[in-house]
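Engineer:
If you want it as structure tokens, here you go:
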């Protein structure tokens, strides 16, 4: 088994515990990851480490630093365009803001890439890339080790097929990610009298994998609750940043997810990472 495949299995396994490591601050997790597990570069001075439960348990604040244990995030609601004041600004004569030449990245429940509001007039996609962390059937993004990544060319090829999902098997079962993306940058739908805030923006998508069971238990979260891990969100940001850099476009990141855990002052790993 290759080191890459071994690391992928550890990232996905319920028998491994996840930790967020800030470089330059030696911790128990960082020391043991080198010897007993794997670690993945998240960029911007952070690593994500994965340790076997026999080495990592019991998980506690006393044993690990406060920020080493990933927090859990869940999906949030969104206000409608006419409530947010987007439409008047969008149509202001001297501005004409439409999102042209920028990319908006979404880290959420995925996207229905077949929806017409995410396509150009010729039927081709506006989505530059999708990283589905839940799908292990394809190739992973470079240096991120898990999930499957789909390019714009692959999505366009799938859209030409009778059943696109046979070729690009990523979907948004929840619907939240598709809703958020359509509000932010959906194209015009005359029948529904709908237009997103930035209808000419390119789109990047990360579909988050669900939080591991041990983290839900640690935070006393219901087993059936929809929630995602802080370290997977950070990895999603890394993917979107690299995608935007390759395209040479400014990047806006839309996080339709949130948490009531942590310090509430922006000093948790995700807050510092985004800063």
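Residue numbers (this note's numbering): 7 to 281. Cβ coordinates follow ideal geometry from the N, Cα and C atoms, glycine included.
1. In whole angstroms, give me the CA-to-CA distance for residue 87 and residue 71.
2. Quick check on the DSSP output: the beta strand (DSSP E) that includes residue 261 runs from which residue to which?
3. With burial defined as no fewer than 16 other Cβ atoms inside 10 Å of the residue's Cβ, what is the status of residue 256: buried or exposed?
4. Only counting the same chain, and skipping five residues up and downstream in sequence, which positions put a Cβ closer than 6 Å to that of residue 14?
5. If I follow the unbroken alpha helix (DSSP H) through residue 124, where does it start and stop?
6. May I ask you to report which of helix, strand or coil DSSP gives residue 27?
7. Around the Cβ of residue 215, are there at least 16 other Cβ atoms within 10 angstroms (buried) or fewer (exposed)?
8. Taking the alpha carbon of residue 67 as the point to measure from, which residue in 76, 60, 61, 59 has its own alpha carbon closest?
9. Going by Cα to Cα distance, which pick from 116, 274, 162, 121 is closest to residue 141?
10. Taking the CB atoms as reference points, tell me whether residue 238 and residue 184 lie closer together than 8 Å.
11. What span of residues does the beta strand (DSSP E) with residue 44 cover, start to end?
12. Pair every Cβ in the segment 13-30 with every Cβ in the segment 51-63, then say whether three or more of these pairs are closer than 8 Å.
13. I think residue 2 touches residue 133, with their Cβ atoms under 8 Å apart; what is that distance to the nearest whole Å?
14. From what residue to what residue does the beta strand (DSSP E) around residue 111 run?
15. My understanding is that residue 225 touches residue 50, with C-beta atoms under 8 Å, so please give their C-beta distance in whole angstroms.
16. When you compare only the Cα positions, how much space is there between residue 246 and residue 159?
17. Please go through the same chain and pick out, in chain order, the residues whose beta-carbon is closer than 7 Å to the beta-carbon of residue 157, but skip the five residues on each side of it.
18. Give the range of the beta strand (DSSP E) segment to which residue 154 is assigned.
19. Cutting at 7 Å between CB atoms, please list the residues of its own chain near residue 48, excluding the five before and the five after it.
20. Residue 213: buried (16+ other C-beta within 10 angstroms of its C-beta) or exposed?
21. What span of residues does the alpha helix (DSSP H) with residue 223 cover, start to end?
22. In chain order, what residues of the same chain lie with their CB nearer than 7 Å to the CB of residue 276, ignoring the 5 residues before and after it?
Structural biologist: The relevant details are as follows:
1. Low per-residue confidence applies at residue 87: pLDDT is 45, beneath 50, and the placement is therefore not dependable enough to give any value.
2. In the DSSP annotation of this structure, the continuous segment of the beta strand (DSSP E) that includes residue 261 starts and ends at 257-261.
3. Exposed, since its Cβ has fewer than 16 Cβ neighbours within 10 Å.
4. So the list reads 151, 152, once near-sequence residues are dropped.
5. Following the DSSP letters along the chain, one finds residue 124 in no alpha helix (DSSP H), marked with neither H nor E.
6. Three-state DSSP puts residue 27 in a strand.
7. Its Cβ being crowded by 16 or more others within 10 Å, residue 215 is buried.
8. If we check each option's Cα against that of residue 67, 76 comes out closest.
9. The shortest C-alpha separation from residue 141 is found at 116.
10. No, these two residues do not count as a Cβ contact at 8 Å.
11. Bounds of the beta strand (DSSP E) holding residue 44 are 44-49.
12. As far as the Cβ criterion goes, the segment 13-30 touches the segment 51-63, which means the pair count is three or higher.
13. Since the first and last residues shown for the chain are 7 and 281, residue 2 lies out of range.
14. Its beta strand (DSSP E) spans residues 109-114.
15. No, residue 225 and residue 50 are not in contact; Cβ-Cβ is about 25 Å, not under 8 Å.
16. Looking at the two C-alpha atoms, the distance is approximately 17 Å.
17. Same-chain partners within the cutoff: 135.
18. Residue range 154-157 is occupied by the beta strand (DSSP E) that includes residue 154.
19. 54, 240, 241, 244, listed in sequence order.
20. Residue burial is scored here from C-beta neighbours: residue 213 has at least 16 other C-beta atoms within 10 angstroms and is therefore classed as buried.
21. Where residue 223 is concerned, the enclosing alpha helix (DSSP H) stretches over 219-224.
22. The residues are 236, 239, 240.
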